[in-house]
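Since the structure comes first, as structure tokens, the remarks are kept for the end.
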Amino acid sequence: MNDIVTTINLAYVVAAALFILGLKLLSHPDTAKKGNFISAVGMFIAVVVTLLDQQIISYHYILLGFVIGGAYGAWKAKTVEMTSMPEMVSLFNGFGGAASLLLGWATLSGMSVLALNTAGAFTFVSLFFTILVGGVTFSGSVVAWGKLSGKMSSKAVVFTGLRELSILHLIGMVVVGYLFATEPSNPIWLYCAIALALSFGLWATISIGGADMPVVIALLNSYSGVAASAAGLATGNTILIVTGLLVGASGLILTNIMCKAMNRSLMNVLLSGFSTPVEAGEKIEGEIKVLAAQDAFYVLEAAQAVLVVPGYGMAVAQAQHAVRELQSLLEDNGCTVDYGIHAVAGRMPGHMNVLLAEADVPYDQLYEMDDVNPRMENYDVVIVIGANDVVNPAAKEMKGSPIYGMPVIEAYRAKSVFVLKRSANAGFAGVDNPLFFKENTRMVLGDAKETINSIIREFGDD
Amino acid sequence: MEIIYLLFIVLLAGFLGFELIRKVPATLHTPLMSGSNAISGITLVGALVASGSDNSVLTTVLGTIAVALASINVVGGYLVTDRMLNMFKKKTK
């Protein structure tokens, strides 16, 4: 090792330490901002010191790529709406996957004939893995992005033979992987690998419905890290290995949390498009009681403790600012306001928290399901805004229900429940909600934002 | 030996990642994901060498596109995470 290589590697050690420290500081909202900055410093050091590499003889193309990519990234980061964060993260997952795929390809095409003959099988297996995971991440993320942004139908696309098609892909990958590793100089295997990966990512994601998107995004997030790590193994670059795995672990943990929150295994979510719909269980008895916004106001005015349970519908109606306003009015009225957030509310992990933070709701008023369920009886009113499945008592009561067994926010145990909803139809999962028929439930129908605004007006007139 | 040494790094980094991320609270999961996007842009480091070395046209083109894509993640990821984290406030009373 010459001096420059040693310097670069030492700087990588420092960068890795900063990434780790940055993630550690992300464990509390007070220190998270500092953590993000420290992580960015680590990245800066890693990039700058890499430019010292003696193999680099021209900076024109590097600069070109960086300026284009950096400008687009900065623009996107400044202009993205908080409601659109799931799409953006999905798109960035895809870019990460594509970058790893291209790096793998470039590494292969940059190898001399000598290198191709002397490099061991380990290098080529790693390269193959990089291209495979990178490709799946890219096409899968593009599909997820399309579904989330409404450019594609968010429904699960299923057709006969899809299962066989997927199995065929997996067999193809093993075969092509073997051929690639034994004959890396033949580009046809490389192209086959890229095509297989892109195609597999497409079919695997297109068969998953919109409500399962939190799991898909988290998993693709993990893949983008794994792809970077594999690229590190192929090029012998330790900083790529370490950092890629940090991301890979992060995505995997989030995936696991999302699956647990739905009481489903990862396999069940990934193959959900293949399962046959469950026969409807018992019929729900009772009638829906509708309440006008004005009458809702009288109940809220007398309430001492209110719990707000938001769901994706709140994001769609852009109601978070109105909710915040209502919170202030209630608090001025001597009422305590808490928020109960289910892990799979929204379209990505933590989606609701960011939307509420944007509307200036302090983070210490946001509670997880396990914090609010034990004290549910203490709440005078639970306001359910655009949420459905996460408060569905069918998960506890109806054995035949597709969501049976899923841990839910037990809103029905509160003194009264207001459900703000456009209409009394079934929710995203297409499951009937017995909560709507409970004795203590009142439906406040209409656009959530409009409803809250009219309650706010009532407070004003008071 | 080189392979064993790399696999050791894989093992340790994997465990470290799990221990670190487990402690991130649910309220910060979205910034965690966008932050992960930024960190996974570390591919940039590998792409720089591919883009700037004395290579064939194909390698340079592939490397340059990889630099652009990874730069999107690095710049966009850190900036949007910072923007989000600015919004998280404690109750002032």
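Chains as they are written, first to last, in the numbering used here: chain L, 808 to 1269; chain B, 293 to 385.
Think of the CB as a built atom: it goes at the ideal place given N, C-alpha and C, for glycine as much as any other residue.
- Between the C-alpha atoms of residue 1173(L) and residue 1192(L) there is a straight-line separation of about 15 Å.
- Within the same chain, Cβ atoms closer than 6 Å to the Cβ of residue 1061(L) are found at 1025 and 1156, the five residues on either side in sequence being excluded.
- Taking one beta carbon from each stretch, the segment 321-338 of chain B and the segment 843-857 of chain L have 3 or more pairs nearer than 8 Å; the two touch.
- Residue contact check for residue 991(L) against chain B: no CB pair falls below 8 Å.
- Residue 843(L) sits close to residue 327(B), with the two beta carbons spaced by under 8 Å.
- Neighbours of residue 331(B) in chain L, taken as residues whose beta carbon is under 7 Å from its own, are 826, 846, 1050, 1053 and 1054 in chain order.
- Between residue 872(L) and residue 357(B), the CB-CB gap stays under 8 Å.
- Less than 8 Å separates the beta-carbon of residue 1252(L) from that of residue 1097(L).
- 953(L) is the residue among 1003(L), 953(L) and 1201(L) whose C-alpha sits nearest the C-alpha of residue 896(L).
- Residue state for residue 1146(L) is assigned as strand, using DSSP reduced to three classes.
- Measuring C-alpha to C-alpha distances from residue 343(B) to each of 909(L), 1187(L) and 1095(L) identifies 909(L) as the nearest.
- Nearest Cα to residue 936(L) within the set 1147(L), 1041(L), 1102(L) and 1153(L): 1041(L).
- Following the DSSP letters along the chain, one finds residue 935(L) inside the alpha helix (DSSP H) bounded by residues 928-955.
- Taking 8 Å as the CB threshold, residue 1167(L) lines the interface with chain B.
- Chain L places a beta carbon closer than 8 Å to that of residue 357(B), counting this residue as a contact.
- By the 16-neighbour rule on beta-carbons within 10 angstroms, residue 300(B) is exposed.
- Its chain contains 823 as the residues whose beta carbon lies nearer than 7 Å to that of residue 1049(L), once the 5 sequence neighbours on both sides are disregarded; these appear in chain order.
- C-alpha of residue 1044(L) to C-alpha of residue 338(B): approximately 8 Å in a straight line.
- Beyond the five residues adjoining it in sequence on each side, residue 324(B) comes within less than 6 Å, by CB distance, of 316 in the same chain, given in chain order.
- Sequence-distant Cβ neighbours of residue 1001(L) in its own chain, meaning closer than 8 Å and more than five residues away, are 908, 912, 938 and 942.
- Note that the C-beta distance between residue 1187(L) and residue 1210(L) is not below 8 Å.
- Note that the C-beta distance between residue 360(B) and residue 875(L) is below 8 Å.
- Using a Cβ-Cβ cut-off of 8 Å, residue 946(L) does not count as an interface residue toward chain B, since no Cβ of chain B sits closer than that to its own.
- For residue 1069(L), the secondary structure class from DSSP, reduced to helix, strand or coil, is coil.
- When 1149(L), 996(L), 965(L) and 878(L) are compared, the shortest CA-CA separation from residue 980(L) is found for 996(L).
- In the three-state reduction of the DSSP assignment, residue 1052(L) falls in the helix class, which pools H, G and I.
- The C-alpha of residue 312(B) lies about 22 Å from the C-alpha of residue 371(B).
- Selection 1122(L), 1239(L), 1177(L) and 1099(L) evaluated against residue 1249(L) yields 1099(L) as nearest (Cα-Cα).
- Within the segment 851-877 of chain L, contact with chain B at the beta-carbon level (separation under 7 Å) is assigned to 853, 854, 857, 858, 860, 862, 863, 864, 865, 866, 868, 869, 871, 872, 873, 875, 876 and 877.
- Taking C-beta separations shorter than 7 Å and ignoring five residues to either side along the sequence, the partners of residue 955(L) in its chain run 893, 894, 897, 1020 and 1154, following chain order.
- Looking at the backbone, the Cα of residue 951(L) and that of residue 1010(L) are separated by about 11 Å.
- For residue 1013(L), the CB contacts under 7 Å within the same chain, skipping 5 residues up- and downstream, are 950 and 964 in chain order.
- By alpha-carbon distance to residue 1214(L), the top candidate from 1202(L), 835(L) and 1245(L) is 1202(L).
- Sorting 1166(L), 989(L), 1256(L) and 1132(L) by C-alpha distance to the C-alpha of residue 1120(L) places 1256(L) at the top.
- Counting along the chain, the unbroken alpha helix (DSSP H) around residue 314(B) starts and ends at 294-314.
- In this structure, the alpha-carbon of residue 1047(L) lies about 16 Å from that of residue 860(L).
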